[in-house]
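Asker: The numbering of the sequence shown is this note's numbering, which starts it at 15 and goes up by one.
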Amino acid sequence: MIKIPRRFTKKKCRNPRGFTMRSSCALYKDCFGGGASETYKGTAYIDMNGITGKVYFSSRNKSCNVKYSIGGLSDGHHGFHIHRCGDLTKGCIGGCDHFNPTNSIHGGRHIKNRHAGDLGNINSKDGIAKGSFNVSDISCDPASLYSIVGRMIIVHQDRDDLGKGGNEESLKTGNAGKRVACAVIGRSD
């Protein structure tokens, strides 16, 4: 009898089983490769109340790049949030509250203890808000606790005070005011 060494690879699984040991380098259903991570993408198209634009999401690991171009907004800062629900039957009201899987308080995107959906403010100049930023703790991977796919992106009328307004509403919504435009975030290739 001859002993042949077996090469095992650790593959991180999306399901609750955690790690599995496999005897080849092939990827298996519901598993990621050992050190590599997948990129997931999402898109939202806004077209309401004279406000139009696109928001692109690209996530890898626990970081997500958000790129936006939105026209028709009044000049100045506008609260920019991901809300928990993606129901457009009642307009932007169907978005429910901010996406908050960790039951945190409201804050800005650079604060560790915040709603996952708190993206801070976007700035409109000459009727156009355009830019990009990175944010942690949101993902376009539908299997993630932090998945934003099927949720709603909302642009608010006023500036988000990032939880520093000194009142109870500031710790919930940032006093960002009326919801002026929204769209459901869909998964994209």
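Backbone N, C-alpha and C define an ideal beta-carbon position, used for all residues, glycine too.
(1) Return helix, strand or coil for I199, following the three-state DSSP convention.
(2) Checking 8 Å against the spacing of the C-beta atoms, do G100 and G141 come in under that value?
(3) Over the uninterrupted beta strand (DSSP E) stretch that includes S118, give me the two end residues.
(4) Could you check which residue in I136, I65, A157 and R98 has the C-alpha nearest to that of E52?
(5) Given 8 Å as the limit, is there contact between the segment 122-130 and the segment 54-71, that is, 3 or more CB pairs closer than that?
(6) Enumerated in chain order, which unbroken segments of the beta strand (DSSP E) with a length of 3 residues or greater are wholly contained in the segment 138-197?
(7) For S161, count neighbouring Cβ atoms within 10 angstroms of its own Cβ and tell me buried if that reaches 16, exposed if not.
(8) Quick check on D155 - is its C-beta less than 8 Å from some C-beta in chain C?
(9) Between which residues of its own chain and D203 is the CB-CB distance below 8 Å, once the five residues before and five after are set aside?
(10) Considering just the uninterrupted stretch of the beta strand (DSSP E) at G67, what are its terminal residues?
Answerer: On the basis of the supplied data:
(1) Within the sequence shown, the letter at position 185 stands for residue 199. Here I199 sits in coil by DSSP.
(2) The sequence position of residue 100 within the sequence shown is 86, counting from 1. The sequence position of residue 141 within the sequence shown is 127, counting from 1. Contact: no.
(3) Translated into positions along the sequence shown, residue 118 becomes position 104. S118 -> no beta strand (DSSP E), and no H or E assigned at all.
(4) Counting from 1 along the sequence shown, the entry for residue 52 is found at position 38. Minimum Cα distance to E52 is reached at A157.
(5) no
(6) 142-150 and 166-170
(7) By 1-based counting over the sequence shown, the position of residue 161 is 147. Per the 10 Å Cβ criterion, buried.
(8) Absence of chain C from the displayed structure is noted, only one protein chain being present.
(9) As a first step, residue 203 must be located in the sequence shown, where it is residue number 189. Contacts found: K55.
(10) Taking the sequence shown and counting its residues from 1, one reaches residue 67 at position 53. First-last of the beta strand (DSSP E) with G67: I65 to R74.
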